[in-house]
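K.L.:
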Amino acid sequence: MSEPLVEVVRGPLVEAVHRGDVAVVDSSGVLRASVGDPESKVSYLRSSAKPFQSMPLVYGGAAARWTFDDEDLAVCCASHNGEPVHTHRIASLLERIGVAPADLACGAHPPLHRDAAAALARDGVEPNVLHSNCSGLHTGMLAQARQLGVDIRGYESPGHPVQQEVLANVARFTGLTPGDIPVGVDGCAAPCYGVSLYHMAFAYARLVDPRDVGEPYASAAGAIRTAMTRHPHLVAGTGRFDTDVMTLGKGLVLAKGGASGVQCVGITGGVGVAVKIEDGAEGHASPARPTTVAAIEVLRQLGVLDDTQVAVLGEHARPVMRTVPGEPVGEVRPAFTLAPGPVTTRPDVTA
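Each number in the numbering used here corresponds to the 1-based position in the sequence shown with 739 added.
Spelled out as structure tokens, the structure:
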């Protein structure tokens, strides 16, 4: 069963508890530490799949054809804020590829960044598809379709050649076969992939240490890793956990969150971390931020972050509960200890 990961404290009482599961796996497939039951529970990767969804851009040749640089690849892996730095780059990529914003299937929503959303409202501008936090991913998928020479219409459908290649790559890095992976539909209309937390963490371990994956996939993983860690602001944006922890980590960590309480991290040297909050609390939408609280505590217990660095992460790590006027009345805190994992490689892991 899932175990308590995060407590919400108000005054002298624990007011709420967020339960969940954690996996820490190395690139050889060893479960090094865990909380709960990360091996049997299956959850969707959601946007934590984006590095693997975008990797075919590199090994399939689209990135070279349209001269995608590190910043371009970073925004293709993004769940971005919809700040101008994101939307301008995506608009430029669409023009370079030879497609239009209308070809994006992700839909439109207001920017996740409050100031960017307020600026649109002040100017009387309606949000468009470029402001979707998934517009970079979808732009990359259109580039993949153009590179394959197939119809761009329906590129987001599970049966489309673009999505078949993406599914194969998700399977490759999780150590599964495509038939092992339940496929749903994400909020942006692209497929999402169901795997255990163990396999999520294993995929992130391989993302940062892809030596056993083989070429051209290992080189593509390296390109994605470099792009994300060098340009963390393009991966998320102002005030976001993924951006802030990668900036603080200076290349040591690669972080990518997903909706419904998912957070994945790759640690240089070949360790992957996956966190899932059982109730699906959104890390950037919930005042409690239970997903980031749990992820930071995992990194602290692993020795990746020290107490000073945790303090720098501020309310990502220890959100303060406040009244409407702003008076502090409580806090959100981690409530778990990592349990050691087994010392042998899982027998069902495949290269």
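Built from N, CA and C at the ideal position, the CB exists for glycine as well.
Just so it is clear, the structure is predicted and the values come from calculations on it, not from any experiment.
1. Alpha helix (DSSP H) containing E834: first to last residue?
2. Tell me where the alpha helix (DSSP H) around G926 begins and ends.
3. Taking buried to mean at least 16 other C-beta atoms within 10 Å of its own C-beta, is H827 buried or exposed?
4. Below 8 Å on the Cβ atoms is my guess for R785 versus D919; work out the distance and round it to an integer in Å.
5. Helix, strand or coil for K1015 per DSSP?
6. Let me check understanding here. Comparing Cα to Cα, which of V1037, D1045, V1043, L906 lies closest to A762?
7. Per DSSP, what are the beta-bridge partners of H757 in this structure?
8. Using the rule of at least 16 other Cβ atoms within 10 Å of the residue's Cβ for burial, across every protein chain shown, is S779 buried or exposed?
9. If you check the beta carbons only, do A841 and H870 fall under 8 Å apart?
10. Measure the C-alpha to C-alpha separation of A884 and A998 and round it to an integer number of angstroms.
11. May I ask which residues mark the beginning and end of the alpha helix (DSSP H) holding R771?
12. Can you list, in chain order, the stretches of the alpha helix (DSSP H) that have 4 or more residues and sit fully within the stretch 827-915?
13. Have a look at N820, A944, C845 and flag the residue whose alpha-carbon is nearest the alpha-carbon of L770.
14. Just verifying my parser: in three-state terms, what is the DSSP assignment at V952?
15. In three-state DSSP terms, what is K780?
16. I want to know whether the stretch 844-859 touches the stretch 818-834 - three or more CB-CB distances under 8 Å.
17. If you reduce the DSSP assignment to three classes, tell me which class A762 lands in.
18. Under 8 Å between the Cβ atoms of V1051 and V745?
19. Excluding the five sequence neighbours on either side, which residues of its own chain have a C-beta within less than 6 Å of the C-beta of G1005, listed in chain order?
20. Compute the Euclidean distance between the alpha carbons of V756 and G923, then round it to the nearest angstrom.
21. Does the beta-carbon of S793 have 16 or more other beta-carbons within 10 angstroms, so that it is buried, or is it exposed?
22. Just the C-alpha distance for N867 and T1076, rounded to the nearest angstrom, thanks.
P.N.:
Short version:
1. Locating residue 834 in the sequence shown gives position 95, where the first residue counts as 1. Per DSSP, the continuous alpha helix (DSSP H) segment holding E834 begins and ends at 823-836.
2. Walking along the sequence shown from the start, residue 926 turns up at place 187. No alpha helix (DSSP H) contains G926, which DSSP labels as neither H nor E.
3. The count along the sequence shown starts at 1 and reaches residue 827 at position 88. It counts as exposed.
4. Along the sequence shown, one-based indexing puts residue 785 at 46. Along the sequence shown, one-based indexing puts residue 919 at 180. About 18 Å separates the two Cβ atoms, so there is no contact after all.
5. Residue 1015 sits at position 276 when you count from the first residue of the sequence shown. Correct three-state label for K1015: strand.
6. For the purposes of this step, residue 762 is taken as the residue at position 23 of the sequence shown. For the residues V1037, D1045, V1043, L906, the minimum Cα distance to A762 belongs to V1037.
7. As a working mapping, residue 757 is identified with position 18 in the sequence shown. Paired residue(s): V745.
8. Along the sequence shown, one-based indexing puts residue 779 at 40. By the neighbour-count rule (16 or more Cβ atoms within 10 Å), S779 is not buried but exposed.
9. Sequence index remark: in the sequence shown, residue 841 carries index 102 (1-based). Sequence index remark: in the sequence shown, residue 870 carries index 131 (1-based). Not a contact, by the Cβ cut-off of 8 Å.
10. The residue you call residue 884 lines up with position 145 of the sequence shown. The residue you call residue 998 lines up with position 259 of the sequence shown. Approximately 26 Å, taken between the alpha carbons.
11. Mapped onto the sequence shown, residue 771 falls at position 32. R771 -> not in any alpha helix (DSSP H); beta strand (DSSP E) instead, spanning 770-774.
12. 853-862, 874-887, 900-913
13. Taking the sequence shown and counting its residues from 1, the one referred to as residue 770 is at position 31. Minimum Cα distance to L770 is reached at A944.
14. Taking the sequence shown and counting its residues from 1, one reaches residue 952 at position 213. Here V952 sits in coil by DSSP.
15. Mapped onto the sequence shown, residue 780 falls at position 41. K780 falls in the coil class under three-state DSSP.
16. yes
17. To locate residue 762, count along the sequence shown from 1; it is residue 23. A762: strand per DSSP, three-state reduction.
18. One-based indexing of the sequence shown puts residue 1051 at position 312. One-based indexing of the sequence shown puts residue 745 at position 6. Result no, Cβ atoms of V1051 and V745 do not sit closer than 8 Å.
19. One-based indexing of the sequence shown puts residue 1005 at position 266. When the five nearest sequence neighbours on each side are left out, the beta carbons in the same chain lying within less than 6 Å of the beta carbon of G1005 are those of Y943, L946, V947, L993, G1011, in order along the chain.
20. Position 17 of the sequence shown, counting from 1, holds the residue named residue 756. Position 184 of the sequence shown, counting from 1, holds the residue named residue 923. Roughly 28 Å separates the two Cα atoms.
21. The sequence position of residue 793 within the sequence shown is 54, counting from 1. So S793 counts as buried.
22. Indexing the sequence shown from 1 puts residue 867 at position 128. Indexing the sequence shown from 1 puts residue 1076 at position 337. If I take the Cα positions, the gap works out to 44 Å.
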